[in-house]
Amino acid sequence: NGPFKRKNVENEIKIAEESSNGSTLENADWTQNVRKPKKETSEKMRKQMEKLGVNDETATSIVSNADRFFELGVYFHNPISLSGWSKKISSSDDSYTVLCGDAAHAMPPFLGQGANQAIQDAYCLAQRIFDYNSKIVLHKQQVTGNEGAEGARPPSLKEELRQYQATRFFPTASITAKAAILGYLETGGRNGFYSKFRDVFFRILDFLGVPRQVLLDSTIPKV
């Protein structure tokens, strides 16, 4: 057991049915809407706290007086894709659809890097597009100026997008892997089994300076 959930086959069937009717729920295969009685859920939460040894009176009071409970799954995309992050639009001459942020690499929240990495994606992608446009202008000037560039190869948008992915793939894949491991250490195992050695493990890592290095490495822009 861990913090992550798999896509639900029943939901995927539901998506197909709704698509045939002309409407599709956004992220329908990740949606959870299982409603249970408040008393049942409150009792389940209380038992979980007992198993984990949580005896804090404040937390117990919050559970007892809560109106609703939300049990949300944590999801992430496999960062390895043979399709890549960009694809040429078949009906166009040289137009592409490009993925960035969660669309390219949805990651677990345990390092708090989702929005940070999406911003870096946007910056890197904008930089590559700017470079492409600059090269186009220069190429046209060379051809117009009759500087022997008539046969020169024009700039490639596909290559610029490939460089964008090459720049951003490793940093985002690395953070996704680290966040996933951290998530299992923090919440995984039956009845919190992983947490039995988690605290000792983290103390050792803290002594070695590993957590600080991981966090700093994740926050340093790589664009």
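Here the sequence shown is numbered in this note's numbering, starting from 873 and rising by one per residue.
Ideal placement from N, C-alpha and C gives every residue a C-beta, glycine not left out.
Checklist entry - Between the region 1044-1056 and the region 1071-1081, do at least 3 Cβ pairs fall closer than 8 Å? => result no
Item to check | Range covered by the alpha helix (DSSP H) that runs through Lys916 | outcome: Numbered from 1 along the sequence shown, position 44 holds the residue referred to as residue 916. Bounds of the alpha helix (DSSP H) holding Lys916 are 910-923.
Item to check | Cβ shell of His1011 (< 8 Å), same chain only, five flanking positions each side left out | outcome: The residue labelled residue 1011 in the question sits at position 139 within the sequence shown. Correct list, in chain order: Ala1021, Ala1024, Pro1026, Pro1027.
Checklist entry - Mapping DSSP to helix, strand and coil, what is Lys959? => result Here the question's residue 959 lines up with position 87 in the sequence shown. The three-state secondary structure of Lys959, taken from DSSP, is strand.
Checklist entry - Could you give the C-beta distance for Pro951 and Ala1052, rounded to a whole number, given that I count them as a contact under 8 Å? => result Locating residue 951 in the sequence shown gives position 79, where the first residue counts as 1. Locating residue 1052 in the sequence shown gives position 180, where the first residue counts as 1. With 8 Å as the limit, Pro951 and Ala1052 do not qualify as a contact, their Cβ atoms being about 10 Å apart.
Checklist entry - Candidates Asn937, Ser962, Gln999, Leu924: which alpha carbon is nearest Gln1037's? => result On the sequence shown, position 165 is the one that residue 1037 refers to. Taking only the C-alpha atoms, the option nearest Gln1037 is Gln999.
Item to check | Span of the alpha helix (DSSP H) around Tyr1056 | outcome: Translated into the one-based positions of the sequence shown, residue 1056 becomes position 184. Counting along the chain, the alpha helix (DSSP H) containing Tyr1056 begins and ends at 1029-1059.
Checklist entry - Using a Cβ-Cβ cut-off of 7 Å (strictly less than) and excluding sequence neighbours within five positions of Lys959, which residues of its own chain qualify? => result Within the sequence shown, residue 959 is the residue found at index 87, counting from 1. When the five nearest sequence neighbours on each side are left out, the beta carbons in the same chain lying within less than 7 Å of the beta carbon of Lys959 are those of Tyr968, Thr969, in order along the chain.
Checklist entry - Which value, in whole angstroms, describes the spacing of the CA atoms of His949 and Asn988? => result Within the sequence shown, numbered from 1, the residue matching residue 949 stands at position 77. Within the sequence shown, numbered from 1, the residue matching residue 988 stands at position 116. One C-alpha to the other measures close to 17 Å.
Item to check | Per-residue burial, Ala975 [other beta carbons within 10 Å of its own, 16 or more giving buried] | outcome: Mapped onto the sequence shown, residue 975 falls at position 103. Classification of Ala975: exposed, given that the 10 Å Cβ count is below 16.
Item to check | Cβ shell of Lys1077 (< 8 Å), same chain only, five flanking positions each side left out | outcome: By one-based count along the sequence shown, residue 1077 stands at place 205. Here the sequence assigns Leu to residue 1077, which means Lys is not the residue at that position. Closer than 8 Å at the Cβ level, and outside the excluded window around Leu1077, lie Pro1083.
Checklist entry - Cβ of Asp1089 within 8 Å of Cβ of Arg1040? => result By 1-based counting over the sequence shown, the position of residue 1089 is 217. By 1-based counting over the sequence shown, the position of residue 1040 is 168. Going by C-beta atoms, Asp1089 is not nearer than 8 Å to Arg1040.
Checklist entry - Looking at the unbroken beta strand (DSSP E) that takes in Val970, where does it start and where does it end? => result For the purposes of this step, residue 970 is taken as the residue at position 98 of the sequence shown. Run containing Val970: 968-970, per the beta strand (DSSP E) assignment.
Checklist entry - Where do the N-terminal and C-terminal ends of the alpha helix (DSSP H) with Pro1093 fall, by residue? => result The count along the sequence shown starts at 1 and reaches residue 1093 at position 221. Note, Pro1093: premise wrong, no alpha helix (DSSP H); not H, not E.
Checklist entry - Which value, in whole angstroms, describes the spacing of the CA atoms of Leu971 and Leu1054? => result Residue 971 sits at position 99 when you count from the first residue of the sequence shown. Residue 1054 sits at position 182 when you count from the first residue of the sequence shown. Cα-Cα distance, rounded: 26 Å.
Checklist entry - Does the beta-carbon of Gln985 have 16 or more other beta-carbons within 10 angstroms, so that it is buried, or is it exposed? => result Here residue 985 corresponds to residue number 113 of the sequence shown, with the count starting at 1. Per the 10 Å Cβ criterion, buried.
Next on the checklist: Output needed for Ile961: all residues of its chain with C-beta closer than 8 Å, excluding positions within five of it in sequence on either side, in chain order.
Outcome noted: Here residue 961 refers to the residue found at position 89 when the sequence shown is read from its first residue. Ser967, Tyr968, Thr969, listed in sequence order.
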